[in-house]
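As you go down the protein sequences, you meet chains A and B in turn.
Per my numbering, the first sequence runs over residues 318 to 378.
Per my numbering, the second sequence runs over residues 4 to 770.
First the structure, in the form of C-alpha cells, and then the observations on it.
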Amino acid sequence: MSNKVVEVNGVVGEGVTFERIRRITGYLVGTLDRFNDAKFAEVNDRVKHSISTGAGLMEQI
Amino acid sequence: MITSIVKRDGREVPFSVEKIAKAIYQAAQAMGGKDYDEAYAIAQEVGKYIESNGNTKPTVEQIQDAVEKVLIETGHARTAKVYILYRAERSRVREMNTRLMQTYEDLTFKDAKENDVKRENANIDGDTAMGTMLKYGSEGAKQFNELFILDPKHAEAHRNGDIHIHDMDFLTLTTTCCQIDLLKLFKGGFSTGHGFLREPNDIASYSALACIAIQSNQNDQHGGQSIPNFDYGMAPGVKKTYRKLYVRNMSKALELICDIKDSNEFAKEIYNKIKEENGVYPTISNDNNYEELEKAAMLKKGIKEKDYDRCRAFALERGLEETERATYQAMEALVHNLNTMHSRAGAQIPFSSINYGTDTSPEGRMVIKNVLLATDAGLGNGETPIFPIHIFKVKEGVNYNKEDPNYDLFKLSMKVSAKRLFPNYSFLDAPYNKEYYVEGDPNTEIAYMGCRTRVMANNYDKTKQVVGGRGNLSFTSVNLPRLAIKSHGNLDIFFEQLDSKIDLVISQLLERFEIQCKRKVRNYPFLMGQGIWLDSDKLGIDDEVREVLKHGTLTLGFIGLAETLKCLLGVHHGESQEAQNLGIEIVAHMRNRMDEESKKTGLNFSLIATPAEGLSGRFVRMDRERYGVLEGVTDRPYYTNSFHIPVYFPISAYDKIKLEAPYHELTNGGHISYVEMDGDPSQNLDAFESVIRCMKENGIGYGSVNHPVDRDPVCGYTGIIGDTCPRCGRHDGEGISVEKLKQLKGFNDLRGYDENPLEDGDKVTHI
Chain A
318 MSNKVVEVNG VVGEGVTFER IRRITGYLVG TLDRFNDAKF AEVNDRVKHS
368 ISTGAGLMEQ I
Chain B
4 MITSIVKRDG REVPFSVEKI AKAIYQAAQA MGGKDYDEAY AIAQEVGKYI
54 ESNGNTKPTV EQIQDAVEKV LIETGHARTA KVYILYRAER SRVREMNTRL
104 MQTYEDLTFK DAKENDVKRE NANIDGDTAM GTMLKYGSEG AKQFNELFIL
154 DPKHAEAHRN GDIHIHDMDF LTLTTTCCQI DLLKLFKGGF STGHGFLREP
204 NDIASYSALA CIAIQSNQND QHGGQSIPNF DYGMAPGVKK TYRKLYVRNM
254 SKALELICDI KDSNEFAKEI YNKIKEENGV YPTISNDNNY EELEKAAMLK
304 KGIKEKDYDR CRAFALERGL EETERATYQA MEALVHNLNT MHSRAGAQIP
354 FSSINYGTDT SPEGRMVIKN VLLATDAGLG NGETPIFPIH IFKVKEGVNY
404 NKEDPNYDLF KLSMKVSAKR LFPNYSFLDA PYNKEYYVEG DPNTEIAYMG
454 CRTRVMANNY DKTKQVVGGR GNLSFTSVNL PRLAIKSHGN LDIFFEQLDS
504 KIDLVISQLL ERFEIQCKRK VRNYPFLMGQ GIWLDSDKLG IDDEVREVLK
554 HGTLTLGFIG LAETLKCLLG VHHGESQEAQ NLGIEIVAHM RNRMDEESKK
604 TGLNFSLIAT PAEGLSGRFV RMDRERYGVL EGVTDRPYYT NSFHIPVYFP
654 ISAYDKIKLE APYHELTNGG HISYVEMDGD PSQNLDAFES VIRCMKENGI
704 GYGSVNHPVD RDPVCGYTGI IGDTCPRCGR HDGEGISVEK LKQLKGFNDL
754 RGYDENPLED GDKVTHI
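Now the structure itself:
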C-alpha cells in the first residue's frame, strides 16, 4: 500500500491520500495510483445505473 | 590512406580489408558463391573508392554504402541484394536494441507515476525492485519474441494494432491459468519441489496448503489461479477438525464429570476403536451410529448412562463451537495470506479466485460462512481485501430461493459484497452453464477465473467436460473498432475483414500452441509435476505436455463492440435495437468461427470478452493517430470493454443487464457484466439483491456490483468518502492532530484502528 501514516509534531496524515478501491477489470485495486492512464480515464467516466425504474429506454423501443 | 573506422558507438578501430571481404563473402555464399579471392578484390576496391573521396576515417555506414555501390558496379547485383537485406536486418535488430534500451532506461529512472508501462498491470507494483526486474524481463522477452519467434505476419499485425497477442512475454514459456481441484490435490498430499507435504489434518492446514497450491501454480503460469470448489475442498478439513475437537472435549468432560484420570487416552482409545472397527467418526450432522457405538463402549467401561449423556452434550456443544472458531481463523488466515504472500519474484501477490456457495453439508456451509465473515472483517487495519476474488455460485434449489438450504449464505454474501465488492456472482442456471451440470458432481458446476475466464466444454475429450485441472492456454484479441473504421459503414467489407483477422488469430494461436506443446512436464514442476492439470498425472517428467494441453482453451478475444457499432451505425447497442441486433450478429459470428475451428481441429477454441487492462488504451491510441478523432469511437482514452455498454452512457441497471446478457451466452471463453450502484449499497441490500436476481433471471453468467469503497488510512474509516472523511473530517492529503484523532469513537492507536465499530454487532451474527 502506498500510504504510510507517520506522526510529525503531533500531526498525522500530511500528504496521505484517501484510498479509492475500485474494480479494474474483474479484480480489485487498492488505489487508483496503480491504474494505467486509459483505465484511470475509464473509471472516472463511469456513471451510476439507476435501480429504481425497471422500464428504461429499451423497454420503450 | 584509411587509418581507422568509426563504429556506431563512436569508438575508432583499425581499418581491416579482411573484415569487409568477409562480410561480402558471406553475402555471396548465401547466393552460392565460393570465391573468397574475388570478395577480397572487391573489398580492396571499396577501400580505394573511399580513399578517392579523401576520407581517412570512414564510418561503418559509409563503408557499407561503398560496398553496395562497388558490388552493383562490378556486376554482383544478386550479392548486393543479399548484402542490403542483411544490412537492413542488422539495423532492425539494432533499432530494436535501442528501443529496448530506451524502455529499460524509462523503467530504471522513472517512477510508476510517470511511466505507464509500469502500470500496465495494476496487480504488479512497478516501483519495487522485483517489480522493476520483472518488467525488464517482460519487456525484453516481448521484443525478443516479436523479433525472433513470431511469424512476421503475426508480429506485424500485433505491432500495428490489428490484433493484440496477450502475455507475449510468456510466448515461449507457459500457459495462462488453471482451475485447481483441491479435493484431488490434497488426497494423499503433494510436493512443492522442496519437500513433501502430507495430506492435511485440520482446517488450518487445509487453508494454508490451499494458499501454497495457488502460489506454487502461479509460478508455473502467467495468468491467475482459481479454486473452483473451495467449499467442497475445505469441508474435509472442517470434518477432521471437528473429530479432533469433539474427542478433546469429550476427554475434558470425562475427566471432570466421571473422574477419569487419563481421560485423554481413554477418549482416544474409544474413538480409535470405533474408527477401526466400524469406520465411523463423530460428525457435525450426527448422521451415523457413532453415538450409539460410543455410548455402548463407554457403558462397557463403567461410565454411567446419565454421565455419558452429559459428557456427550458437552462434547457436541464445545466441539462445534471450537470448530467454528478454528474455521473462522483458518479463513481469516487464508484471506490475509492471499493478500500478503508473494509470487513471481516477489513482484505481485497471486492472482487468486475462489468459487463457492453450493456445498450444503454443515462443514461446507461453515467454510462459506466464515470465509465471508473474514472478508467482511477486512485485513489487520480493516482494509478491504483485494484478493482472493470471491465468486458466489448461485443455484436454484441450493441457495437462490427462501426455502433453499444455503439461502442464508446467499443473503450473507450480498451483505459482504455490498461492503467489500466481493463476492461476484456466477449463475449455474444460465442455460449454457446448466447444460454441463450434473447433480452431485461439483466438478460440473461452472466456475470463473480471475477477471472472467471460463473453461467448461471439452471438445477434445467429451467425457471430461469439467472445471478441475483445466484452463486457458493463450488468447489474442482483435481490434474491432479499427475494422469498422476501415469498412466505412459497409457491413460486407466489415465481416470480410473480420474473417481475415480471425484467420490470422487462429493461425497465431495454433503456432503458439505448437510451442507450448513442446514443453515438458519438468518445465511446470507444480502444474504438471504434481498432477494439477487434467491427466498430467499420467505423464513422466520428460514427457511432452502436448496431449494433456488439449484440455485447455485457445481463445479469441475482442474489445470495443460499442465503438464498432457507433462507427458502423452511428449508435451503440445501448442506444438502438438495430445496433444491439448487429452487435449480437458480430459476436455470434466470432463464436461460430471458434466452434467451427474446434470441430476442425479437435481442440477447444473459444471466444472471450477480453478483460483488457493494458489493452484498453493501446488500440485506441494507435487508431486515433491513424484515423484522427472520431466522435464516439476514438475520442476517449479507452475503448469500451468487450461487449459492455459504454461506461459513460446513462442507462438503468435492468436495461444494461438485459442488453449484455445475450453476449454472455456467446462468449464461452469468459464474460462479466457490472452494474454501478449509487450510494452505499449496505444501506439498501434489497436493491442489491434485486440486481443479482435480475442478472440471474436474464441469463447473465457472471456479474458483479460496483460501488465506491473508500478508506481513510489515517482514521481507518471505510465507506464512501467525498471531499472530506466523514469520520475525522480531514481533506485528502491534509494532516490532522493526534489529539483530535484520539477523541474519535473507536480509535485505538496510530497503528490499530477499529474499523466502523458500530457495525461490529453484525460480525458475530450466527446464521
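Ideal placement from N, C-alpha and C gives every residue a C-beta, glycine not left out.
These numbers were taken from a predicted model, which means no experiment stands behind them.
Beta-carbon gap between residue i and residue j smaller than 8 Å
{"i": "B:Asn-427", "j": "B:Tyr-705", "result": "yes"}
{"i": "B:Asp-223", "j": "B:Pro-528", "result": "yes"}
{"i": "B:Ile-703", "j": "B:Ala-664", "result": "yes"}
{"i": "B:Val-712", "j": "B:Val-694", "result": "no"}
{"i": "B:His-167", "j": "B:Thr-466", "result": "no"}
{"i": "B:Ala-487", "j": "B:Leu-571", "result": "yes"}
{"i": "B:Gly-226", "j": "B:Asn-475", "result": "yes"}
Local conformation of residue i per DSSP, three classes
{"i": "B:Asn-275", "result": "helix"}
{"i": "B:Met-344", "result": "coil"}
{"i": "B:Tyr-89", "result": "helix"}
{"i": "B:Gln-182", "result": "strand"}
{"i": "A:Thr-348", "result": "coil"}
{"i": "B:Arg-14", "result": "coil"}
{"i": "B:Gly-176", "result": "Going by the sequence as given, residue 176 of chain B is Leu instead of Gly. B:Leu-176 falls in the coil class under three-state DSSP."}
{"i": "B:Asn-402", "result": "coil"}
{"i": "A:Lys-321", "result": "coil"}
{"i": "B:Gln-580", "result": "helix"}
{"i": "B:Thr-62", "result": "strand"}
{"i": "B:Met-4", "result": "coil"}
{"i": "B:Asp-379", "result": "helix"}
{"i": "B:Asn-709", "result": "strand"}
{"i": "B:Asn-595", "result": "helix"}
{"i": "B:Leu-761", "result": "Residue placement at B:Leu-761 is poorly supported in this model, since its pLDDT is 35, which falls under 50; the coordinates still yield a value, given next. In the structure shown, B:Leu-761 sits in a helix (DSSP, three-state: H, G or I)."}
Within-8 Å CB hit, residue i to chain A
{"i": "B:Ile-1", "result": "Absent from the structure is residue 1 of chain B, since the part of chain B shown begins at 4 and ends at 770."}
{"i": "B:Gly-360", "result": "no"}
{"i": "B:Asn-56", "result": "no"}
{"i": "B:Arg-122", "result": "yes"}
{"i": "B:Asn-759", "result": "Confidence at B:Asn-759 is low in this model, with a pLDDT of 41, below 50, so its placement is unreliable and no value can be given for it."}
{"i": "B:Ser-416", "result": "no"}
{"i": "B:Ile-724", "result": "yes"}
{"i": "B:Val-508", "result": "no"}
{"i": "B:Ala-664", "result": "no"}
{"i": "B:Val-469", "result": "no"}
{"i": "B:Pro-426", "result": "no"}
{"i": "B:Asn-701", "result": "no"}
{"i": "B:Tyr-630", "result": "no"}
{"i": "B:Ser-601", "result": "no"}
{"i": "B:Lys-659", "result": "yes"}
{"i": "B:Asn-475", "result": "no"}
{"i": "B:Asn-100", "result": "no"}
{"i": "B:Leu-744", "result": "yes"}
Proximal chain A residues relative to residue i, where beta-carbon distance stays under 7 Å
{"i": "B:Asn-709", "result": "Arg-340"}
{"i": "B:Ile-675", "result": "Gly-343"}
{"i": "B:Gly-620", "result": "Asn-353, Asp-354, Ala-355"}
{"i": "B:Val-678", "result": "His-366"}
Per-residue contacts from residue i into chain A (C-beta, under 8 Å)
{"i": "B:Ile-739", "result": "Val-328, Val-329, Gly-330"}
{"i": "B:Gly-385", "result": "Ordered by position in chain A, no residue passes the 8 Å Cβ test against B:Gly-385, which lies about 11 Å from the chain."}
{"i": "B:Ser-693", "result": "Ile-368"}
Any C-beta of chain D under 8 Å from that of residue i
{"i": "B:Pro-716", "result": "Within the model displayed, chain D is absent; protein chains A and B are what it includes."}
Under 9 Å by beta carbon: chain A residues contacting residue i
{"i": "B:Asn-163", "result": "Per Cβ cutoff of 9 Å: no residues; B:Asn-163 is ~19 Å from chain A at best."}
{"i": "B:Arg-639", "result": "Ala-355, Ala-358, Glu-359, Asp-362"}
{"i": "B:Asp-170", "result": "None at all; the shortest Cβ gap to chain A is about 15 Å."}
Proximity test, residue i beta-carbon vs the ligand ATP heavy atom, cut-off 7 Å
{"i": "B:Glu-663", "result": "The ligand ATP is not part of the structure shown, which contains no ligands of any sort."}
- prompt: Touching or not, the segment 720-739 of chain B and the segment 401-420 of chain B, by the rule of three or more beta carbon pairs under 8 Å?
  reply: Too few Cβ pairs lie closer than 8 Å, so no.
- prompt: Given 8 Å as the limit, is there contact between the segment 598-611 of chain B and the segment 625-632 of chain B, that is, 3 or more CB pairs closer than that?
  reply: The segment 598-611 of chain B vs the segment 625-632 of chain B: no contact.
message: Any contact between the segment 67-78 of chain B and the segment 99-117 of chain B? By contact I mean 3 or more CB pairs, one from each, below 8 Å.
response: Contact fails between the segment 67-78 of chain B and the segment 99-117 of chain B, because fewer than three Cβ pairs, one in each stretch, are under 8 Å apart.
- request: Answer yes if the segment 117-132 of chain B comes into contact with the segment 348-357 of chain A, meaning at least three C-beta pairs across the two stretches below 8 Å, and no otherwise.
  value: Yes, the segment 348-357 of chain A is in contact with the segment 117-132 of chain B.
- prompt: Are the segment 636-651 of chain B and the segment 555-575 of chain B touching by the rule of at least three beta carbon pairs closer than 8 Å?
  reply: Contact holds: three or more Cβ-Cβ distances are below 8 Å.
- prompt: Should the segment 224-240 of chain B be called in touch with the segment 449-466 of chain B, which here means at least 3 C-beta pairs below 8 Å?
  reply: Contact between the segment 224-240 of chain B and the segment 449-466 of chain B is present, because at least three Cβ pairs lie under 8 Å.
field: contact_flag[the segment 585-595 of chain B, the segment 530-541 of chain B] where n(CB pairs < 8 Å) is 3 or more
entry: The segment 585-595 of chain B is not in contact with the segment 530-541 of chain B.
task: Determine contact between the segment 253-261 of chain B and the segment 391-405 of chain B, defined as no fewer than three beta-carbon pairs at a distance below 8 Å.
output: As far as the Cβ criterion goes, the segment 253-261 of chain B does not touch the segment 391-405 of chain B, which means the pair count is below three.
Stretch pair the segment 303-321 of chain B + the segment 172-187 of chain B: three plus CB contacts closer than 8 Å: Contact check between the segment 303-321 of chain B and the segment 172-187 of chain B: fewer than three CB pairs, one atom from each, fall below 8 Å, which does not count as touching.
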